[in-house]
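Peer 1: Got a structure here, written out as structure tokens. Questions coming.
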Amino acid sequence: MKLLVTGGAGFMGSNFIHYWLAHHPEDCIVNLDALTYAGNLENLMGLDQARYQFIQGNICDAKVVHQAMEGIDMVVHFAAETHVDRSINHSLVFIMTNAVGTQTLLEEVRKRGTQIKRFHHISTDEVFGSLALNDEKKFNEQTPYDPRSPYSASKAASDHLCRSYYHTHGLPITISNSSNNYGSPYHFPEKFIPLLIIRALHDEPLPIYGDGKHVRDWIHVEDHCRGVEAILERGRSGETYCLGGNSERANLEVAKTILQTLGKPESLIQFVEDRKGHDLRYAVDFSKAKQELGWEPRHSFEDGIKQTIEWYKSHAEWWKPLLEKAKL
Ligand SMILES: NC(=O)c1ccc[n+]([C@@H]2O[C@H](COP(=O)([O-])OP(=O)(O)OC[C@H]3O[C@@H](n4cnc5c(N)ncnc54)[C@H](O)[C@@H]3O)[C@@H](O)[C@H]2O)c1
């Protein structure tokens, strides 16, 4: 089997490539990535070059996409602009990559008739909007879309495009909406958990938006890789699967855990002006994936965060060169 992975030089895509090649020794992967500020070829070191090919290119470029899909059996689509804070003031590139880029890939799949056996689209729980704090309610596959940032609106557009190509053209589409990924290796230093770890390691203030009560449902990136694998192997075409980490944590709690683990004082916590339109809470009900695919997360947040902190402590050579790029 030959897979095309888009965005494979980013955090989740690179983890997926390592995971897939390690668990599927017969398979080959082509990685199509534009190498934006978030893409890093260092994330792909040590791969078996006989089974891995890299193409630098933009998913909005129909010619490059055409070349990249030559001989491909399945597409796993990670490429996206992903940072909510950047989307607030620079939304156009989000629309281009996330919506137009997805449409460009879908068109190429459509033109290839029955060649592509599956197009799996990686999406986010943020398309569902925001939940109330201290509530039992979680997002699931039936939750109506209510995106509230330019990032989540562009991801919602890409989800709708995928479904439209399933209904209109009968393309073999699956979608996963997952909660916030974390874990090591390779989480870009602009994102919440690596940012806090690196700040704490430097004894610098840890910026926390608003009152720090905003809740995210953290899923370990390896559990996410296993979830996507389960969908590719056992998921049904036309279906959406929600993947969650069973680990709801308030941002302030995460900051305190990081400081405690590193033996640093809580006085490093610095509350800063809240993000515009900041969603209060995300939480994902993954019972459909559990029942249909036999998937559930295996990593506890307690172990996962410790392992992540250890990785950042011992891999400064990976993240130090990225700090300038990580500035907004
Ligand atoms: N990180 C999360 O917590 C999370 C949660 C749920 C869903 N997702 C989704 O998972 C996917 C991967 O997220 P991530 O955190 O690994 O992102 P990332 O920002 O670390 O990586 C994105 C990758 O896409 C590439 N890319 C960007 N624009 C491109 C373009 N036009 N053409 C080709 N390549 C391009 C970048 O170079 C980079 O390598 C995204 O679709 C994101 O929306 C992320």
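Using our numbering, read the sequence shown as starting at 391 and increasing by one per residue. For every residue, glycine included, the Cβ atom is placed at its ideal position computed from N, Cα and C.
Would you say the beta carbon of Cys615 is closer than 7 Å to some non-hydrogen atom of ligand 1?
Peer 2: Not so, every heavy atom of ligand 1 lies at least 7 Å from the Cβ.
Peer 1: Going by Cα to Cα distance, which pick from His408, Asp438, Gly397 is closest to Thr426?
Peer 2: If we check each option's Cα against that of Thr426, Gly397 comes out closest.
Peer 1: Is Gly519 near ligand 1, in the sense that its beta carbon is under 7 Å from a heavy atom of that ligand?
Peer 2: For ligand 1, not one heavy atom lies less than 7 Å from the Cβ of Gly519.
Peer 1: If distances are taken between C-alpha atoms only, which option among Ser404, Gly403, Gly519 comes closest to Ser544?
Peer 2: Answer by Cα proximity: Gly519.
Peer 1: Kindly identify the DSSP beta-bridge partner or partners of Ser481.
Peer 2: None, per the DSSP bridge assignment.
Peer 1: Could you give the residue range of the alpha helix (DSSP H) that holds Glu623?
Peer 2: 611–624 is the span of the alpha helix (DSSP H), which, as asked, contains Glu623.
Peer 1: Does the beta-carbon of Glu619, which I'm using as the reference point, lie nearer than 7 Å to any heavy atom of ligand 1?
Peer 2: Not under cutoff, so the answer is no.
Peer 1: Just to confirm before moving on: does the CB-CB distance between Val474 and Ser539 stay below 8 Å?
Peer 2: In contact: Val474 and Ser539 (Cβ atoms closer than 8 Å).
Peer 1: Where does His456 sit, in a helix, a strand or coil, going by DSSP?
Peer 2: Correct three-state label for His456: helix.
Peer 1: So Lys392 is in the beta strand (DSSP E); what residue range does that whole segment cover?
Peer 2: Looking at the DSSP string, the run of the beta strand (DSSP E) that includes Lys392 is 392–396.
Peer 1: Where His559 and Arg500 are concerned, what is the direct C-alpha to C-alpha distance, given to the nearest angstrom?
Peer 2: Those two C-alpha atoms are separated by around 7 Å.
Peer 1: Candidates Lys680, Ala522, Asp515: which alpha carbon is nearest Thr533's?
Peer 2: Of Lys680, Ala522, Asp515, the residue nearest in Cα terms is Asp515.
Peer 1: Based on Cα-Cα distance, which residue from Ala679, His705, Leu434, Gly573 lies nearest to Glu623?
Peer 2: Per the Cα distances, Ala679.
Peer 1: For Asp601, count neighbouring C-beta atoms within 10 Å of its own C-beta (all shown protein chains included) and say buried if the count is 16 or more, exposed if not.
Peer 2: Exposed, since its Cβ has fewer than 16 Cβ neighbours within 10 Å.
Peer 1: Taking 7 Å as the line, does the beta carbon of Leu495 fall inside it for any heavy atom of ligand 1?
Peer 2: Not under cutoff, so the answer is no.
Peer 1: With three or more C-beta pairs closer than 8 Å as the rule, is the region 499–513 touching the region 549–559?
Peer 2: They touch, by the three-pair rule.
Peer 1: Since Ala469 and Val420 should fall inside the 8 Å C-beta cutoff, what is the C-beta to C-beta distance between them, to a whole number of angstroms?
Peer 2: Ala469 to Val420, Cβ: 13 Å. No contact.
Peer 1: Tell me the rounded alpha-carbon separation between Ile598 and Leu670.
Peer 2: Distance between the alpha carbons of Ile598 and Leu670: 13 Å.
Peer 1: Take Phe691 and list the residues in its own chain whose beta-carbon comes closer than 6 Å to its own, dropping the five residues that flank it on each side.
Peer 2: These residues qualify, in order along the chain: Trp608, Ser637.
Peer 1: Residues in the same chain with beta-carbon distance under 7 Å from Leu482, minus the five sequence neighbours each way, listed in chain order, please.
Peer 2: No residues qualify anywhere along the chain.
Peer 1: Apart from the five residues just before and just after Leu713, which ones in its own chain have a Cβ nearer than 7 Å to its Cβ?
Peer 2: These residues qualify, in order along the chain: Pro579.
Peer 1: Can you say whether Ser704 is buried or exposed, counting buried as having 16 or more other CB atoms within 10 angstroms of its CB?
Peer 2: So Ser704 counts as exposed.
Peer 1: Relative to ligand 1, is the shortest distance from any of its heavy atoms to the C-beta of Leu431 smaller than 7 Å?
Peer 2: Flag unset: Cβ of Leu431 not near ligand 1.
Peer 1: Using the C-alpha atoms, what's the distance from Ser548 back to Ser568?
Peer 2: Rounded to whole angstroms, Ser568 to Ser548 spans 15 Å at the Cα level.
Peer 1: Using a threshold of 7 Å, is the CB atom of Leu425 nearer than that to any non-hydrogen atom of ligand 1?
Peer 2: Within the cutoff, so yes.
Peer 1: Quick check: is any heavy atom of ligand 1 less than 7 Å from the C-beta of Cys632?
Peer 2: No; taking the cut-off as 7 Å, the Cβ of Cys632 has no heavy atom of ligand 1 nearer than that.
Peer 1: Can you find the residues in the same chain that come closer than 8 Å, C-beta to C-beta, to Ala489, ignoring five residues on each side of it along the sequence?
Peer 2: Hits under 8 Å: Ser544, Ala547, Ser548, Leu551.
Peer 1: Less than 7 Å between the CB of Ala469 and some heavy atom of ligand 1, yes or no?
Peer 2: Ala469: yes, Cβ under 7 Å from ligand 1.
Peer 1: Do the CB positions of Arg606 and Tyr672 come within less than 8 Å of each other?
Peer 2: It is a contact, given that the beta carbons lie within the stated cut-off.
Peer 1: Put Ser574 into one of helix, strand or coil per three-state DSSP.
Peer 2: If DSSP states are grouped into helix, strand and coil, Ser574 belongs with coil.
Peer 1: Quick one: using the 10 Å Cβ neighbour count with 16 as the cut-off for buried, is Ser657 buried or exposed?
Peer 2: So Ser657 counts as exposed.
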